[in-house]
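Trainee: One structure, as structure tokens, below. Some questions next.
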Amino acid sequence: MTKEIYLPDEIKRFINEGAIFYISHSGGKDSQAMYALVKEIVPPNQIVVVHADLGEVEWEGVQDHIQTNIDHDLNVVRANKTFLGMVEQRGMWPSAAYRQCTSDLKRGPIFKFIRNDLKERGATIAINCMGLRAQESTSRAKKDPFTYNKMQSCNNRVIRHVYDWLPIFYFVTDEVFQTIANAGQEPFWAYERNERLSCVFCIMGCVNDLRHGAEQRPKLFRKYVELEKKIGHTMFMKGKDPISLDDHIGIKVLV
Ligand code: SF4
Numbered sequence: 003m004t005k006e007i008y009l010p011d012e013i014k015r016f017i018n019e020g021a022i023f024y025i026s027h028s029g030g031k032d033s034q035a036m037y038a039l040v041k042e043i044v045p046p047n048q049i050v051v052v053h054a055d056l057g058e059v060e061w062e063g064v065q066d067h068i069q070t071n072i073d074h075d076l077n078v079v080r081a082n083k084t085f086l087g088m089v090e091q092r093g094m095w096p097s098a099a100y101r102q103c104t105s106d107l108k109r110g111p112i113f114k115f116i117r118n119d120l121k122e123r124g125a126t127i128a129i130n131c132m133g134l135r136a137q138e139s140t141s142r143a144k145k146d147p148f149t150y151n152k153m154q155s156c157n158n159r160v161i162r163h164v165y166d167w168l169p170i171f172y173f174v175t176d177e178v179f180q181t182i183a184n185a186g187q188e189p190f191w192a193y194e195r196n197e198r199l200s201c202v203f204c205i206m207g208c209v210n211d212l213r214h215g216a217e218q219r220p221k222l223f224r225k226y227v228e229l230e231k232k233i234g235h236t237m238f239m240k241g242k243d244p245i246s247l248d249d250h251i252g253i254k255v256l257v
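Okay, structure coming up:
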């Protein structure tokens with residue numbers, strides 16, 4: 003049995019009022035399950051799928067995977083800078099507390115797309131759908147799964163109301179995979195070994211996922227290790243001391 007989506011009354015009302023539902027799709031299991039469930043309750047012409055492309059730091063084939071598992075066109079957006087370029091310019095890696103990568107490379111370009119697309123459609127209500135789940139972390143568990151996004155809304159010359167909705171907020175991991183199976187789909191192949199699918203080398207990745215990334219993408223792995231050396235700042239710490247990515251995962255790179 004598929005677990006039910008989190009569906010507040012406001013969402014039911016917005017469906018009837020013709021709101022546009024923007025599905026932020028990373029290619030990961032949570033996005034995939036979210037899409038499968040949202041399309042069951044929202045008419046197809048009110049769904050738009052958007053992916054923030056992070057270029058070489060993503061897993062190869064992610065966009066093909068998304069396209070294979072959706073019935074809609076895939077809108078791909080990009081920031082005007084790259085992940086590694088951003089790190090080099092700043093001389094620091096992002097951190098869990100300061101996730102410039104998410105804000106600048108994902109959220110920013112996706113909201114820009116939403117603003118423009120909503121305007122082109124002559125619509126005024128956007129529902130920004132994200133696959134975040136309470137189980138992922140204590141800080142995520144404190145989030146409200148349905149909120150009015152004041153920053154992205156406006157009510158003067160341009161009328162735009164943007165809401166953030168987390169349809170699978172209360173799902174646990176097994177329920178996510180079950181939802182994908184019930185939709186007759188498979189998750190992205192890297193889940194055979196990965197716990198999460200994100201950047202190949204995520205600043206919050208576990209050693210298991212990072213090792214898998216290093217094995218699959220050795221050239222990209224080398225780039226990360228070289229960049230750490232170049233800027234004198236590491237992605238990870240061991241206690242209070244910095245530790246290089248290759249030492250952190252136990253796969254040595256000679257730079
Ligand atoms: S996956 Fe990790 S490294 Fe990549 S943008 Fe998200 S938080 Fe940053």
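Heads up, the sequence shown is in this note's numbering, so the first residue is 3 and it goes up one at a time.
Ideal Cβ placement from N, Cα and C applies to all residues, glycine included.
1. Closest by CA to P10, which one among V164, C208, F148 and F173?
2. Quick one: is the Cβ of T104 within less than 8 Å of any heavy atom of ligand 1?
3. Cβ of C201 versus every heavy atom of ligand 3: is any distance shorter than 8 Å?
4. Are the beta-carbon atoms belonging to V51 and I72 less than 9 Å from one another?
5. Note the first and the last residue of the continuous alpha helix (DSSP H) segment covering P220.
6. Classify E19: buried if its beta carbon has 16 or more other beta carbons within 10 angstroms, exposed otherwise.
7. Which residues in the same chain have their Cβ closer than 6 Å to the Cβ of N196, if we skip the five residues on either side of it in sequence?
8. Which residues bound the alpha helix (DSSP H) around L247?
9. Relative to the alpha-carbon of Q180, which residue among S26, H250, A35 and R15 has its alpha-carbon at the smallest distance?
10. Among all the DSSP beta bridges, which residues are the ones paired with P2?
11. Report all residues from its chain with a CB closer than 6 Å to the CB of P189; omit the five preceding and five following residues, and keep chain order.
12. Does S141 come out as helix, strand or coil in the three-state DSSP assignment?
13. D166 and N130 - do their beta-carbons sit closer together than 9 Å?
14. Is the stretch 50 to 64 close to the stretch 80 to 94, with three or more CB pairs under 8 Å?
15. Can you list, in chain order, the residues of its chain with a C-beta nearer than 8 Å to that of K114? Leave out the 5 residues immediately preceding and following it.
16. Roughly how many whole angstroms lie between the Cα atoms of G133 and K221?
Mentor: Let's see:
1. Taking the first residue of the sequence shown as 1, we reach residue 10 at position 8. Ranked by Cα distance from P10, the options V164, C208, F148 and F173 are led by F148.
2. For the purposes of this step, residue 104 is taken as the residue at position 102 of the sequence shown. Under cutoff, so the answer is yes.
3. The model on display carries ligand 1 but not ligand 3.
4. Residue mapping note: residue 51 aligns to position 49 of the sequence shown, counting from 1. Residue mapping note: residue 72 aligns to position 70 of the sequence shown, counting from 1. It is a contact, given that the beta carbons lie within the stated cut-off.
5. Along the sequence shown, one-based indexing puts residue 220 at 218. Residue range P220 to I233 is occupied by the alpha helix (DSSP H) that includes P220.
6. Working through the sequence shown from its first residue, we reach residue 19 at position 17. It counts as exposed.
7. As a first step, residue 196 must be located in the sequence shown, where it is residue number 194. Only D211 and H214 meet the Cβ criterion.
8. Counting from 1 along the sequence shown, the entry for residue 247 is found at position 245. Counting along the chain, the alpha helix (DSSP H) containing L247 begins and ends at L247 to I251.
9. As a working mapping, residue 180 is identified with position 178 in the sequence shown. Ranking S26, H250, A35 and R15 by CA distance to the CA of Q180 puts A35 first.
10. The structure shown does not extend to residue 2, since the chain is modelled only from 3 to 257, so the question has no answer here.
11. On the sequence shown, residue 189 is found 187 positions in, with the first residue counted as 1. Hits under 6 Å: K31 and I182.
12. Reading the sequence shown from its first residue, position 139 is the one you call residue 141. The answer is helix: DSSP assigns S141 an H, G or I state.
13. What you label residue 130 is simply residue 128 of the sequence shown in a count that begins at 1. What you label residue 166 is simply residue 164 of the sequence shown in a count that begins at 1. Contact annotation: N130 and D166 have beta-carbon atoms nearer than 9 Å.
14. Contact holds: three or more Cβ-Cβ distances are below 8 Å.
15. Taking the first residue of the sequence shown as position 1, residue 114 is located at position 112. If we look at K114 and ignore the five residues flanking it on each side, its Cβ neighbours are V79.
16. Along the sequence shown, one-based indexing puts residue 133 at 131. Along the sequence shown, one-based indexing puts residue 221 at 219. For G133 and K221, the distance between alpha carbons rounds to 30 Å.
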